[in-house]
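Notes for the one structure printed next.
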Amino acid sequence: KAKLIGLIGHARVGKSTAAEYLAEEHGFIRVKLSDTFKDMMRSMLSDTGYSDADVERMIEGDLKDTNMAVLGGKSPRAVMYMLGTKFGREMLYDSVWVNITRSKVAKLLDRGNSVVIEDIRRNNEAKMVRYDLGGKLLHIWRPGVNEKDPMDSCSQALLDNTIPSIMNTDIPQLYREVAYHAGVEHE
Numbered sequence: 002k003a004k005l006i007g008l009i010g011h012a013r014v015g016k017s018t019a020a021e022y023l024a025e026e027h028g029f030i031r032v033k034l035s036d037t038f039k040d041m042m043r044s045m046l047s048d049t050g051y052s053d054a055d056v057e058r059m060i061e062g063d064l065k066d067t068n069m070a071v072l073g074g075k076s077p078r079a080v081m082y083m084l085g086t087k088f089g090r091e092m093l094y095d096s097v098w099v100n101i102t103r104s105k106v107a108k109l110l111d112r113g114n115s116v117v118i119e120d121i122r123r124n125n126e127a128k129m130v131r132y133d134l135g136g137k138l139l140h141i142w143r144p145g146v147n148e149k150d151p152m153d154s155c156s157q158a159l160l161d162n163t164i165p166s167i168m169n170t171d172i173p174q175l176y177r178e179v180a181y182h183a184g185v186e187h188e
């Protein structure tokens, strides 16, 4: 049966590591709410003549914080933030990326694919996974990482005792816990 897992947690706690594990070891398809506006950014940068390799470095790698003349002196990260927040959530409507992702994930699930969404940060995103699509949320945290910062606007109310909280202290333990809570066998 197709499964849907949504990962909640601060930056640098292991959400992408957990998603990569589920994809590589258990065939899950990785989805991010940011996929659509990252694709918009890829198109913009490709159209200006950058190579595919450089575009990926600008979107996901070591060049995403580099200010660029072609972007009005802004970095790709800053422009993606503006696309996601200022344009998407504020100018269009708050749930634009949720609705796009919901449609994408529903199609994948209907085809029998298991899916992991690795960047759940807001209440409406968590509700989409848990209530709209019947998925399971996993909260990942790591001691000493962003403990004092609020996790965007995903409220503690959603992180109740029905959502497993996985402490990431080492990668093998993270894999075991994620596999257990995702209902897959850990090898």
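Last residue of the sequence shown: number 188 in my numbering, and the count goes up by one each step with no gaps. Every residue, glycine too, gets a C-beta built ideally from N, C-alpha and C. It should be emphasised that the depicted structure is a prediction, and the values quoted were computed from it without experimental measurement.
Going by DSSP in three states, Val117 sits in which element: helix, strand or coil? Here residue 117 is taken as the residue at index 116 of the sequence shown, counted from 1. DSSP places Val117 in strand when its eight states are reduced to three.
Exercise for review: Please list, in chain order, all residues of the same chain as Ala3 whose beta carbon is under 7 angstroms from its beta carbon, the five residues on each side excluded.
Suggested key: Here residue 3 corresponds to residue number 2 of the sequence shown, with the count starting at 1. The residues are Leu110, Gly113, Asn114 and Ser115.
### Cut-off 7 angstroms between Cβ atoms - residues of its own chain near Gly15, not counting five sequence neighbours on either side
Your numbering for residue 15 matches position 14 in the sequence shown. The beta carbon of Gly15 sits closer than 7 angstroms to those of Ile141, Arg143, Asn169 and Leu175, all from its chain and outside the five residues before and after it, given in chain order.
Going along the chain, which residues of its own chain have a beta-carbon closer than 7 angstroms to the beta-carbon of Ser17, five neighbours each way excluded?
Residue 17 sits at position 16 when you count from the first residue of the sequence shown. The residues are Glu119.
Discussion item. For Ala158 and Tyr132, what's the separation of their Cα atoms in angstroms?
Written reply: Here the question's residue 158 lines up with position 157 in the sequence shown. Here the question's residue 132 lines up with position 131 in the sequence shown. In this prediction, Ala158 has a pLDDT of 49, which is less than 50 and means its spatial position is unreliable; what the coordinates show is noted afterwards. Ala158 and Tyr132: Cα-Cα distance of roughly 14 angstroms.
Handout entry: Alpha-carbon spacing of Lys33 relative to Thr102, whole angstroms
Key = Here the question's residue 33 lines up with position 32 in the sequence shown. Here the question's residue 102 lines up with position 101 in the sequence shown. Approximately 8 angstroms between the Cα atoms of the pair.
Cβ-based neighbour list, Leu134, same chain, cut-off 8 angstroms, excluding 5 preceding and 5 following:
Residue mapping note: residue 134 aligns to position 133 of the sequence shown, counting from 1. Excluding sequence neighbours, Leu134 sits near Leu5, Arg103, Val106, Ala107 and Leu110.
Answer yes or no: do Met42 and Met81 have a C-beta to C-beta separation smaller than 8 angstroms?
For the purposes of this step, residue 42 is taken as residue 41 along the sequence shown, with counting starting at 1. For the purposes of this step, residue 81 is taken as residue 80 along the sequence shown, with counting starting at 1. Result yes, Cβ atoms of Met42 and Met81 sit closer than 8 angstroms.
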